Amino acid sequence: MVYCEIFMHLEEIGLLDMESLIDRVCLYIVFQPRIQASLDETLGSWNLHKLCTANNKSPRAIYELSHEKAINHGYWTGDPGDDLVTALDPSYAEDSNEPLPPLDELHDDPVAPDYSEVSDTGSGVRGWSFCEQ
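Read in order, the letters of the sequence shown are residues 1 to 133 in our numbering.
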């Protein structure tokens, strides 16, 4: 929320215009590394904090223990899975024997994301502020 306060203050004093593409690009260039560093620090803290419901083990410790257990019990073989060329095939993971869904469901199923609510000016989505309060 600190960044939201900074952005709102910059708007209030007239140093930031979210309608301006140049201002938005500059905002991204200046703040993206700082926001990412904050997110990385939060991630590191979260992964190492103790969970009282898990006998005071951290999420990272729980993962490592489950990973070790999977290896010891033969669940995980070290196989990374299919190669990239196979996984990029458009029919990858489709079961040709699986029946197709009913046509009315296929009609309503989106083929591509709907970006109709996205605006090319302002904060991105019509009616939304970049810092919801």
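Backbone N, C-alpha and C define an ideal beta-carbon position, used for all residues, glycine too. Since we're looking at a predicted model, the values are computed, not measured.
Check                                                                                            : Outcome
Three-way DSSP call (helix, strand, coil) for K57 in this model                                  : strand
Burial state of Q133 (16 or more Cβ within 10 Å)                                                 : Confidence is the limiting factor: at Q133 the pLDDT is only 48, short of 50, which leaves the residue's position unreliable and the question unanswerable from this model.
For K69 and N55, the rounded distance between their alpha carbons                                : 17 Å
N-terminal and C-terminal residue of the alpha helix (DSSP H) that E98 is part of                : That residue, E98, is in no alpha helix (DSSP H); it is neither H nor E in DSSP.
Selected residue, minimal CA-CA separation from H49, among L39, A61, S38, D40                    : A61
Runs of beta strand (DSSP E) wholly within the region 22 to 90 (minimum 3 residues, chain order) : none
DSSP three-state assignment for D17, whether helix, strand or coil                               : coil
Own chain residues within Cβ distance below 8 Å of D82, not counting five before or after        : Y92
C-alpha distance - P59 paired with L103, whole-angstrom precision                                : 44 Å
Cα-Cα separation, H73 to H67                                                                     : 10 Å
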